[in-house]
Amino acid sequence: MTWEIITVLLIIGALIVLFAFEIFPMDKISFFIIGALLLSGLVSPEEAVSGFSNKAVITILCLMILAIGLEENGVISWFAKGLKILKNWPAVLVLIVIMILSGSVSAFISSTAVVIVFIKIVAELKDKYGLLPGKLLLPISFASILGGSCTLMGTSTNLIVNNIFMRYTGNTLGFFEFSMIGLIFLGTSIVIIVLFYAFLPKGPKDQLSEKYNLNKYLLTLKVNAGSPLIGISLKDSFMFKEPEITVLRLTRNH
1 MTWEIITVLL
11 IIGALIVLFA
21 FEIFPMDKIS
31 FFIIGALLLS
41 GLVSPEEAVS
51 GFSNKAVITI
61 LCLMILAIGL
71 EENGVISWFA
81 KGLKILKNWP
91 AVLVLIVIMI
101 LSGSVSAFIS
111 STAVVIVFIK
121 IVAELKDKYG
131 LLPGKLLLPI
141 SFASILGGSC
151 TLMGTSTNLI
161 VNNIFMRYTG
171 NTLGFFEFSM
181 IGLIFLGTSI
191 VIIVLFYAFL
201 PKGPKDQLSE
211 KYNLNKYLLT
221 LKVNAGSPLI
231 GISLKDSFMF
241 KEPEITVLRL
251 TRNH
């Protein structure tokens, strides 16, 4: 019996134990198996991700992780503060600026991730500066999709098409292969949406927090000087150990 066989049997045994006792969520266990096989040298990096059927899926996953990282590190809040100058601008100009920004960013980051980021930015602009999000969400979606079509990595569709093109021809599409066409479509969409701005949905009159009584479930806790929470990690506090409490955000130094 070789060491490779022994290692595989050990990994399978650990897998059975983890699944049986549900020590971690199933998705994390699955990634643990991939990582274990890869780090032990039993499979190559290409073989490790072959179960995703396409390499572009891994790229999309990494882009989504990037979007979450931007939110957790406060970049989205910082970006929203930078856009506060728009609060006194005419609504049409705000619409144009938001569409240009979302379209430009989505040319280099997954359009799905850009939409997620800008939805959060619009929500912050609404809460802090009173900008109505209803007329911005649909244009952001359109601009992100069309802006993502300007480059190879702007949208997951382009990545998948490039992978198929490379498989059958041995060549790859250029990064800016279709940028000119994408810019024409993006510019045209901005003009059309501006012309039909009056017909864009205003959004629901009832706020989600009021409609679903979220104030009954959301609390803000301030840690005062001398609190036993000072100096300990979140996982060691009562908030982590209590299963009915979920910490949404931790803010330090404002």
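For reference, each letter of the sequence shown is one residue, going 1 to 254 in full-length UniProt numbering. All residues carry an ideal CB built from backbone N, CA and C; glycine is no exception. Bear in mind that the values here come from a model prediction, so they are computed numbers and not experimental data.
Of the other Cβ atoms in all chains shown, fewer than 16 fall within 10 Å of the Cβ of V17; this residue is therefore exposed. Membership of N162 in the alpha helix (DSSP H) is indicated by the continuous run S156 to T169.
With fewer than 16 neighbouring CB atoms inside 10 Å of its own CB, S50 falls in the exposed class. With the rule of 3 Cβ pairs closer than 8 Å, the region 100-108 counts as touching the region 140-151. In the structure shown, G147 adopts helical secondary structure according to DSSP, grouped into three states.
With fewer than 16 other Cβ atoms inside 10 Å of its own Cβ, I23 counts as exposed. By the criterion of a C-beta distance shorter than 8 Å, P201 is surrounded in its chain by G134, K135 and L138, once the five residues flanking it on both sides are discounted. By alpha-carbon distance to L186, the top candidate from I232, A36 and T151 is T151. In this chain, the alpha helix (DSSP H) harbouring T188 covers S179 to L195. In the three-state reduction of the DSSP assignment, G103 falls in the helix class. Every alpha helix (DSSP H) stretch that sits fully inside the region 61-95 and reaches 4 residues is listed by chain position as 75-82.
It is roughly 31 Å from the alpha-carbon of T155 to the alpha-carbon of W89.
Straight across, the Cα-Cα distance linking V115 with I232 is about 36 Å. A Cβ-Cβ distance of about 11 Å is found for the pair L42 and T2, leaving them out of contact under the 8 Å criterion.
Of the residues assessed, S44 falls on the exposed side of the cut-off, its CB having fewer than 16 other CB atoms within 10 angstroms. Ranked by Cα distance from Y217, the first of V117, L248 and N224 is L248.
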